[in-house]
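First comes the structure, then the notes that go with it.
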Amino acid sequence: MLRLRARRGLAKLDQHRKQVVWIIGTQPVPFTVRYLIATKVPGEMGPSPNQRGATRYHIMEGVKASLKRLQLDHIDLYQIHGFDPATPIEETVRALDTLVQHGHVRYVGVSNWAAWQIVKALGIAQHRGLAQFQSLQAYYTIAGRDLEREIVPMLASEGLGLMVWSPLAGGLLSGKYGRDKQGEAGSRRTTFDFPPVERERAWDCIDAMRPIAEQKGVSVAQIALAWLLHQRAVTTVIIGAKRTDQLDDNVAATKVKLSVEELAMLDDVSGLPAEYPGWMLARQGDARREQLKQAGRG
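All residue numbers for the sequence shown refer to UniProt numbering, where the first residue is 1 and numbers rise by one.
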């Protein structure tokens, strides 16, 4: 699969489980493609308080262990995997800055944080002159657009990239599932029902994507991935193909073009209902946005 990824032009590897790191770290490098390695901390690595969380100790130990297993001298993108309510944000930010200053890490990012937590960390880093988060890794699909309420506007405001995990909602949007389709025995959703998805919403999205897929001669999964790639906030998506045919199908989504009409139809089905304060911000800001538009700044 590593060889195939290189041939398909996929130059980023994301890992967060020890066994995945070990597999990658023990592979010979038979090709000249330079992978971008992204990994995360803090997975819970043991029962001790120092073996979990976003503390300075755990971050330092985690990066040393990852570098050793990967057989590398640095990691391109090091991410905090989840918010640690027991550790001050400044301690986490300072630890990441130390890794950057020592050359162990090129850039730092975050995963599964709320918008206010990310902005607080960015403010601390900017005020203290420390390395700032460059990206967010988050869940986002056509059937799960909660990210658009607070996080997507924050990313645009602060200039962070967005890497999407589980872009097919754990396989639910692959086209193998539906109101009357339970999926293959042993498939991802039948063994691990995650991430949470409101089923009727997902079925509505699949019903809307299927005719588009048939018209274009592609899979439903490709339409779901293409929809994400058409979203301005999205930098990249993280695919989890287990077989070569799945890999080829996922990669082919990069060539799928959705028309304005198709995107509008998919938005009609999948768009979020209005929620406060969003609807009030839109109502009160209309006049000012129109002024900006007329001035060529909207």
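Cβ atoms here follow ideal geometry from the backbone N, Cα and C, with glycine treated the same way.
Fair warning: this is a prediction, and the values are worked out from it, not measured in the lab.
Hey, residue i and residue j are a contact pair by Cβ (cut 8 Å); roughly how many whole angstroms apart?
{"i": "residue 215", "j": "residue 249", "result": "Not quite, the Cβ-Cβ distance comes to about 17 Å (not below 8 Å), so this is no contact."}
{"i": "residue 224", "j": "residue 152", "result": "So it is not a contact: roughly 18 Å between Cβ atoms."}
{"i": "residue 143", "j": "residue 188", "result": "Between residue 188 and residue 143 the Cβ distance is about 15 Å, and since that is not below 8 Å, they are no contact."}
{"i": "residue 125", "j": "residue 93", "result": "5 Å"}
With a threshold of 16 other CB atoms inside 10 Å of the CB of residue i, please say whether the residue is buried or exposed.
{"i": "residue 292", "result": "exposed"}
{"i": "residue 53", "result": "buried"}
{"i": "residue 276", "result": "exposed"}
{"i": "residue 260", "result": "exposed"}
{"i": "residue 279", "result": "exposed"}
{"i": "residue 304", "result": "Lying outside 1 to 298, the shown extent of the chain, residue 304 is not represented and no answer is given."}
{"i": "residue 99", "result": "buried"}
{"i": "residue 176", "result": "buried"}
{"i": "residue 271", "result": "exposed"}
{"i": "residue 55", "result": "buried"}
{"i": "residue 296", "result": "exposed"}
{"i": "residue 137", "result": "buried"}
{"i": "residue 213", "result": "buried"}
{"i": "residue 95", "result": "buried"}
{"i": "residue 62", "result": "buried"}
Give the range of the alpha helix (DSSP H) segment to which residue i is assigned.
{"i": "residue 284", "result": "278 to 294"}
{"i": "residue 79", "result": "Taken as a continuous stretch (DSSP letters only), residue 79 belongs to no alpha helix (DSSP H), being part of the beta strand (DSSP E) at 75 to 80."}
{"i": "residue 45", "result": "Residue 45 -> no alpha helix (DSSP H), and no H or E assigned at all."}
{"i": "residue 110", "result": "Per DSSP, residue 110 belongs to no alpha helix (DSSP H); it is in the beta strand (DSSP E), 105 to 111."}
{"i": "residue 191", "result": "188 to 191"}
{"i": "residue 62", "result": "56 to 70"}
{"i": "residue 89", "result": "89 to 101"}
{"i": "residue 211", "result": "199 to 216"}
{"i": "residue 153", "result": "147 to 158"}
{"i": "residue 118", "result": "115 to 128"}
{"i": "residue 261", "result": "260 to 270"}
{"i": "residue 244", "result": "244 to 252"}
{"i": "residue 132", "result": "Per DSSP, residue 132 belongs to no alpha helix (DSSP H) and is neither H nor E."}
{"i": "residue 229", "result": "220 to 229"}
Candidates the options: which alpha carbon is nearest residue i's?
{"i": "residue 173", "options": "64, 150, 159, 197", "result": "197"}
{"i": "residue 253", "options": "76, 153, 229", "result": "229"}
{"i": "residue 199", "options": "170, 185, 247, 213", "result": "170"}
{"i": "residue 35", "options": "74, 244, 51", "result": "74"}
{"i": "residue 135", "options": "143, 81, 142", "result": "81"}
{"i": "residue 231", "options": "148, 127, 218", "result": "148"}
{"i": "residue 265", "options": "204, 160, 158", "result": "204"}
{"i": "residue 161", "options": "273, 235, 48, 290", "result": "235"}
{"i": "residue 65", "options": "297, 77, 41, 83", "result": "41"}
{"i": "residue 67", "options": "285, 288, 106", "result": "106"}
{"i": "residue 104", "options": "76, 91, 130, 129", "result": "76"}
{"i": "residue 158", "options": "72, 116, 48, 251", "result": "116"}
{"i": "residue 256", "options": "247, 227, 243, 131", "result": "227"}
{"i": "residue 130", "options": "89, 139, 163, 154", "result": "89"}
{"i": "residue 239", "options": "139, 128, 60", "result": "139"}
Residue i lies in the beta strand (DSSP E); which residues open and close that run?
{"i": "residue 38", "result": "36 to 41"}
{"i": "residue 142", "result": "First-last for residue 142: undefined, no H or E at that position."}
{"i": "residue 311", "result": "The displayed coordinates of the chain run from 1 to 298. Any statement about residue 311 would go beyond what the structure contains."}
How big is the Cα-Cα spacing for residue i and residue j?
{"i": "residue 108", "j": "residue 180", "result": "43 Å"}
{"i": "residue 263", "j": "residue 207", "result": "14 Å"}
{"i": "residue 21", "j": "residue 45", "result": "Confidence is the limiting factor: at residue 21 the pLDDT is only 43, short of 50, which leaves the residue's position unreliable and the question unanswerable from this model."}
{"i": "residue 150", "j": "residue 281", "result": "12 Å"}
{"i": "residue 245", "j": "residue 118", "result": "37 Å"}
{"i": "residue 237", "j": "residue 167", "result": "7 Å"}
{"i": "residue 51", "j": "residue 58", "result": "6 Å"}
{"i": "residue 39", "j": "residue 79", "result": "6 Å"}
{"i": "residue 111", "j": "residue 267", "result": "26 Å"}
{"i": "residue 120", "j": "residue 133", "result": "11 Å"}
{"i": "residue 195", "j": "residue 241", "result": "17 Å"}
{"i": "residue 209", "j": "residue 258", "result": "11 Å"}
{"i": "residue 102", "j": "residue 69", "result": "19 Å"}
{"i": "residue 28", "j": "residue 37", "result": "Any reading at residue 28 needs caution, since the residue's pLDDT is 49, under 50, leaving its predicted position unreliable; the model's value is listed next. Approximately 15 Å between the Cα atoms of the pair."}
{"i": "residue 165", "j": "residue 141", "result": "9 Å"}
{"i": "residue 97", "j": "residue 287", "result": "42 Å"}
{"i": "residue 86", "j": "residue 48", "result": "14 Å"}
{"i": "residue 289", "j": "residue 146", "result": "24 Å"}
{"i": "residue 193", "j": "residue 182", "result": "12 Å"}
{"i": "residue 83", "j": "residue 122", "result": "14 Å"}
{"i": "residue 128", "j": "residue 211", "result": "53 Å"}
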